[in-house]
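Residue numbers (our numbering): 9 to 314.
Glycine residues also receive a C-beta, built at the ideal position from the N, C-alpha and C atoms.
Here's the structure, in structure tokens; my notes come after.
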């Protein structure tokens, strides 16, 4: 599913202005249990649900959600976003008109997984069960946020609950201006074999950062080809041994802040390293934005949906 939507960009000053309430956000969020989310384009729900602020899906404990102080940038539970409405349908079971809802492939206390569009066996979405508009929400960079990336991988991998049936797997999130829906969602999709080969070549050449502090350095800004005819795009590439760290926090701390950028403009992509024997135990983490020469604010050049 490709996301393309013009929306008001959150400026860096607005992002920083909310930093004073991050401490409260962490306290109000509770324990940061792992969780992630995916959702598909579903019907627009015309009527508000009886419980507009779900924090505990049926039969589950509390999920880490942004505090009320961040609603102006992270979204309000009463927002009428189609994807957020689908999440609420999955967590609370209220049918939208015309009495049909999305296919909820998996529902947990912290996230839901749904089909992407077009519906294929390598196009899914993982979205939080609490209201988070997208990458610009400053709560995502705190310790209170759930680890949605790790959960996306746990579902998408071979043997996962909603496996991406494609030789190579990619996880991606679009920038604020490059998405269609304003509920955080991680695409769980395929990646071309040429992308996997290129990343392994860059690793052998020493052209990717091996520590988050190196991530924004020019030597690790590399060209990677998209679909035929679309040319190369420039990405910052980091290799990690696992997805245990908060990728939003790493991006903000080591790329966005030092370079004076906006989180709202960033795209973030994770490509597990694969060999003929299967998953090789490491991850390539790619970031880009339009401040880079030939940069991009969307993950759609690298992910395969159809």
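Checklist line | With 16 other Cβ atoms within 10 Å as the buried cut-off, status of residue 288 | finding: The residue in question, residue 288, is exposed, as its Cβ has fewer than 16 Cβ neighbours within 10 Å.
Check: In the DSSP assignment, what residue or residues form a beta bridge with residue 328?
Finding: The displayed coordinates of the chain run from 9 to 314. Any statement about residue 328 would go beyond what the structure contains.
Note to self: Under DSSP, the beta strand (DSSP E) around residue 196 begins and ends at which residues?
What the structure shows: 194 to 199
Check: Hey, residue 271 and residue 259: beta-carbon distance below 9 Å or not?
Finding: yes
Check: From residue 205 to residue 309, what distance separates their C-alpha atoms?
Finding: Whole-angstrom Cα-Cα distance: 16 Å.
Next item on the list: Could you check what DSSP says for residue 95 in three-state terms: helix, strand or coil?
Entry: Residue 95 falls in the helix class under three-state DSSP.
Next item on the list: Identify, in the order they occur along the chain, each residue of the same chain with its Cβ nearer than 7 Å to the Cβ of residue 221, setting aside the five sequence neighbours on each side.
Entry: 262
Note to self: Which residues does DSSP list as the beta-bridge partners of residue 264?
What the structure shows: According to DSSP, residue 264 shares a beta bridge with no other residue.
Check: In terms of DSSP beta bridges, what is residue 246 paired with?
Finding: 217, 293
Next item on the list: Under 6 Å Cβ to Cβ from residue 198, same chain only, skipping five residues before and after it: list those, please.
Entry: 130, 174, 312
Item checked: Chain-order list of residues whose beta-carbon lies under 8 Å from that of residue 228 (same chain, five-residue window excluded) -> 215, 216, 217, 222, 244, 245, 246
Margin query: For a test of the three-state rule: what should DSSP assign to residue 70, helix, strand or coil?
Written below: Because the pLDDT at residue 70 is just 45, under 50, the model does not fix this residue reliably, and the value given afterwards should be weighed accordingly. If DSSP states are grouped into helix, strand and coil, residue 70 belongs with coil.
Checklist line | Cα-Cα separation, residue 314 to residue 236 | finding: Going from the Cα of residue 314 to the Cα of residue 236 covers about 15 Å.
Check: Can you give the Cα-Cα distance for residue 138 and residue 200, rounded to whole angstroms?
Finding: 32 Å
Margin query: Using only CA atoms, which one of 254, 240, 294 lies nearest to residue 301?
Written below: Checked all of 254, 240, 294; the closest Cα to residue 301 is 240.
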